[in-house]
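Residue numbers (the numbering used here): 4 to 403. C-beta atoms are modelled at their ideal positions from N, C-alpha and C, and glycine is treated no differently. All figures in this text were calculated on a predicted structure; none of them were measured in a lab.
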Ligand SMILES: Cc1ncc(COP(=O)(O)O)c(C=O)c1O
């Protein structure tokens, strides 16, 4: 049989499918027809194995309550062992309908109103939203950007903020969205040891773990035995296999007391059984999705390379942060010296692009834009051409 869905060059029309990326521009204040490269899903068709498993389920015709059985855990366990050298146990696993939901549950389970929660901006914006929506405080250990455009952790500030703000919960994002950083073992352990010392719980969002371009993704909880006692690891097949709409995440919590608290919070939120389609898709993905994933990774890597060359050649005013992981590319527009409004106008109205504006990732994201390159080369080229044209016109207008 073999994998059938490997033509990533095919431009699939996603309009009129209730698609967040393509069908909501006007409702979200953007012009009709804008080219979207914002939200982090892919414009590619999923693995044919997943598609066929879903067709089979659809044909069965009964969609009652569903729950995972041992097969699901076994394929998941084997995926974690093969890809990350991480041996997970069945009792550690809690399924949630998404990682953001899990983050919100962690906030509620492990902190009180008014408590400080540590994040490292610029970072995936729901991190700050779940903190503020639950009336907790953001404590930001801002990532440092060096003169070569690379991001680093300010460890001194990390510990100082934990102590001074009485932080008990840290949201780690690794691989990091939007900067594309993949933290090294040394960096993770330096943070981990500080968290151990001050009894800070680490909720490690590793949703992008299957997209690492340099070296290997390190599961935080797997780096030291003691980290198992202070960690909640958030994983999901959603980004990896482009099934975010099916809402399935695998949260691993080795420590019994932490797991109980988390589980209790989920029960209090009224959530129990999984989405039946998510379960079928997730199992097929972990079992048979490997060939598709290898191919999609290659395609995305080429897209990243293409973007880098395009920017070097045609858009030298923009600085691209080289992603070590993720299919998100973080672009620095600060050389243009535009105000936030002018930059938005350039991207949205002049270039006709819907990207994620850097400012939503925190103050340190101002002047940046995040572009999702998990799309056919043709779409990416069109987007970069639109940007190039808009920037040329912008330059001509400022000269006049
Ligand atoms: C770091 C990170 N965490 C979580 C999510 C979303 O997770 P979910 O859809 O499972 O809530 C994303 C999606 O872009 C992400 O980049």
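In terms of DSSP beta bridges, what is residue 323 paired with?
-> By one-based count along the chain shown, residue 323 stands at place 320. BP columns for residue 323 point to 334.
Enumerate in chain order the residues of its own chain whose CB-to-CB distance from residue 266 is below 7 Å, with the five nearest sequence positions on each side excluded.
-> Within the chain shown, the letter at position 263 stands for residue 266. If we look at residue 266 and ignore the five residues flanking it on each side, its Cβ neighbours are 97.
Verify whether the separation of the beta carbon atoms of residue 246 and residue 53 is less than 9 Å.
-> The sequence position of residue 246 within the chain shown is 243, counting from 1. The sequence position of residue 53 within the chain shown is 50, counting from 1. Taking 9 Å as the Cβ cut-off, residue 246 and residue 53 qualify as a contacting pair.
Over what stretch of residues does the beta strand (DSSP E) that includes residue 371 continue unbroken?
-> For this step, residue 371 is matched to residue 368 along the chain shown. Per DSSP, residue 371 belongs to the beta strand (DSSP E) from 371-375.
Beta-carbon proximity list for residue 240, same chain, < 7 Å, skipping 5 on both sides | On the chain shown, position 237 is the one that residue 240 refers to. Closer than 7 Å at the Cβ level, and outside the excluded window around residue 240, lie 246, 251, 285, 288 and 289.
Measuring from the CB of residue 284, is there a heavy atom of ligand 1 at a distance below 8 Å?
-> Position 281 of the chain shown holds residue 284. No, ligand 1 has no heavy atom inside 8 Å of this Cβ.
To the nearest angstrom, how far is it from the Cα of residue 87 to the Cα of residue 395?
-> Mapped onto the chain shown, residue 87 falls at position 84. Mapped onto the chain shown, residue 395 falls at position 392. Each residue's Cα considered, the two are about 45 Å apart.
Distance between residue 336 and residue 94 (C-alpha atoms, nearest Å) | Here residue 94 refers to the residue found at position 91 when the chain shown is read from its first residue. Here residue 336 refers to the residue found at position 333 when the chain shown is read from its first residue. C-alpha separation (whole angstroms): 47 Å.
Of all the options 365, 91 and 67, which has the alpha carbon lying nearest to the alpha carbon of residue 3?
-> Nothing about residue 3 can be read from this structure; the chain reaches only from 4 to 403.
Out of 352, 376, 344 and 375, state which residue places its alpha-carbon closest to the alpha-carbon of residue 362.
-> For this step, residue 362 is matched to residue 359 along the chain shown. Among 352, 376, 344 and 375, the Cα nearest to that of residue 362 is on 344.
Return the bridge partner residues of residue 359 from the DSSP annotation.
-> Start at 1 with the first residue of the chain shown, and residue 359 comes out as number 356. Per DSSP, 373.
Can you tell me whether residue 64 is buried or exposed, with buried defined as 16 or more other CB within 10 angstroms of its CB?
-> If you number the chain shown from 1, residue 64 lands on position 61. It counts as exposed.
Looking only at its own chain, which residues have a Cβ that is under 8 Å from the Cβ of residue 318, when we skip the five neighbours before and after it?
-> For the purposes of this step, residue 318 is taken as residue 315 along the chain shown, with counting starting at 1. Around residue 318: 387, 390, 391 and 394.
Residue span of the beta strand (DSSP E) that contains residue 119, given as start and end | The count along the chain shown starts at 1 and reaches residue 119 at position 116. Note, residue 119: beta strand (DSSP E), 119-122.
Where does residue 206 land, buried or exposed, given buried means 16+ other C-beta within 10 angstroms?
-> For the purposes of this step, residue 206 is identified with residue 203 of the chain shown, where counting begins at 1. Under this definition residue 206 is a buried residue.
Have a look at 182, 112, 294 and 109 and flag the residue whose alpha-carbon is nearest the alpha-carbon of residue 7.
-> Here residue 7 corresponds to residue number 4 of the chain shown, with the count starting at 1. Nearest option by C-alpha distance: 294.
What are the start and end residues of the alpha helix (DSSP H) that includes residue 310?
-> As a position in the chain shown, residue 310 is number 307, starting the count at 1. Per DSSP, residue 310 belongs to the alpha helix (DSSP H) from 293-317.
Contact belief for residue 139 with residue 110 at Cβ below 8 Å, rounded distance in angstroms | Within the chain shown, the letter at position 136 stands for residue 139. Within the chain shown, the letter at position 107 stands for residue 110. With a Cβ gap of about 6 Å, residue 139 and residue 110 count as contacting.
Element boundaries [beta strand (DSSP E), containing residue 234] | For the purposes of this step, residue 234 is taken as the residue at position 231 of the chain shown. That run of the beta strand (DSSP E) goes 234-238.
Would you identify the three-state DSSP class for residue 37, choosing helix, strand or coil?
-> Against the chain shown, residue 37 aligns to sequence position 34. If DSSP states are grouped into helix, strand and coil, residue 37 belongs with coil.
DSSP state of residue 243 mapped onto helix, strand, coil = Here residue 243 refers to the residue found at position 240 when the chain shown is read from its first residue. Residue 243: helix per DSSP, three-state reduction.
List the whole-angstrom C-beta distance separating residue 303 from residue 185, where the pair is believed to meet the contact cut-off of C-beta under 8 Å.
-> Locating residue 303 in the chain shown gives position 300, counting from the first residue. Locating residue 185 in the chain shown gives position 182, counting from the first residue. Not quite, the Cβ-Cβ distance comes to about 14 Å (not below 8 Å), so this is no contact.
Check: residue 208 C-beta below 8 Å from any heavy atom of ligand 1 = Here the question's residue 208 lines up with position 205 in the chain shown. Yes, since a heavy atom of ligand 1 falls inside the 8 Å radius drawn around the Cβ of residue 208.
Could you check where the alpha helix (DSSP H) with residue 343 kicks off and where it finishes?
-> Walking along the chain shown from the start, residue 343 turns up at place 340. Start and end: 343-347.
Consider the C-beta atom of residue 237 and the heavy atoms of ligand 1; say whether any pair is separated by less than 8 Å.
-> Stepping through the chain shown from its first residue, residue 237 is reached at position 234. Yes - ligand 1 has a heavy atom lying nearer than 8 Å to the Cβ of residue 237.
Between the CA atoms of residue 131 and residue 152 - distance to the nearest angstrom | The residue labelled residue 152 in the question sits at position 149 within the chain shown. The residue labelled residue 131 in the question sits at position 128 within the chain shown. Cα to Cα, residue 152 sits roughly 24 Å from residue 131.
Would residue 327 be called buried (16 or more neighbouring beta carbons within 10 Å of its own) or exposed?
-> In the chain shown, the residue the question calls residue 327 occupies position 324. The residue in question, residue 327, is buried, as its Cβ has 16 or more Cβ neighbours within 10 Å.
To the nearest angstrom, report how far apart residue 224 and residue 230 are at their CA atoms.
-> Here residue 224 refers to the residue found at position 221 of the chain shown. Here residue 230 refers to the residue found at position 227 of the chain shown. Each residue's alpha carbon lies about 5 Å from the other.
The stretch 368-382 in contact with the stretch 305-322 per 3-pair CB rule at 8 Å | Put simply, the stretch 368-382 touches the stretch 305-322. At least three CB pairs are less than 8 Å apart.
CA-CA distance, residue 134 and residue 399?
-> On the chain shown, position 131 is the one that residue 134 refers to. On the chain shown, position 396 is the one that residue 399 refers to. Computed Cα separation, rounded: 44 Å.
Can you give the beta carbon distance from residue 331 to residue 373, rounded, assuming they're within the 8 Å contact cut?
-> Stepping through the chain shown from its first residue, residue 331 is reached at position 328. Stepping through the chain shown from its first residue, residue 373 is reached at position 370. Taking the Cβ atoms as the reference, residue 331 lies roughly 5 Å from residue 373, within the contact range of under 8 Å.
Using the DSSP secondary-structure output, state which residues sit across from residue 20 in a beta bridge.
-> Taking the first residue of the chain shown as 1, we reach residue 20 at position 17. Answer is none; residue 20 lacks a bridge partner.
Segments of 3+ residues assigned as beta strand (DSSP E) that fall wholly inside the stretch 113-152 = 119-122 and 140-143
Tell me where the beta strand (DSSP E) around residue 255 begins and ends.
-> Here residue 255 corresponds to residue number 252 of the chain shown, with the count starting at 1. 252-255 is the span of the beta strand (DSSP E), which, as asked, contains residue 255.
Residue 214: beta carbon under 8 Å from a heavy atom of ligand 1?
-> As a position in the chain shown, residue 214 is number 211, starting the count at 1. Result no, Cβ not under 8 Å from ligand 1.
Kindly examine ligand 1 and report whether one of its heavy atoms sits closer than 8 Å to the Cβ of residue 276.
-> For the purposes of this step, residue 276 is taken as residue 273 along the chain shown, with counting starting at 1. No; taking the cut-off as 8 Å, the Cβ of residue 276 has no heavy atom of ligand 1 nearer than that.
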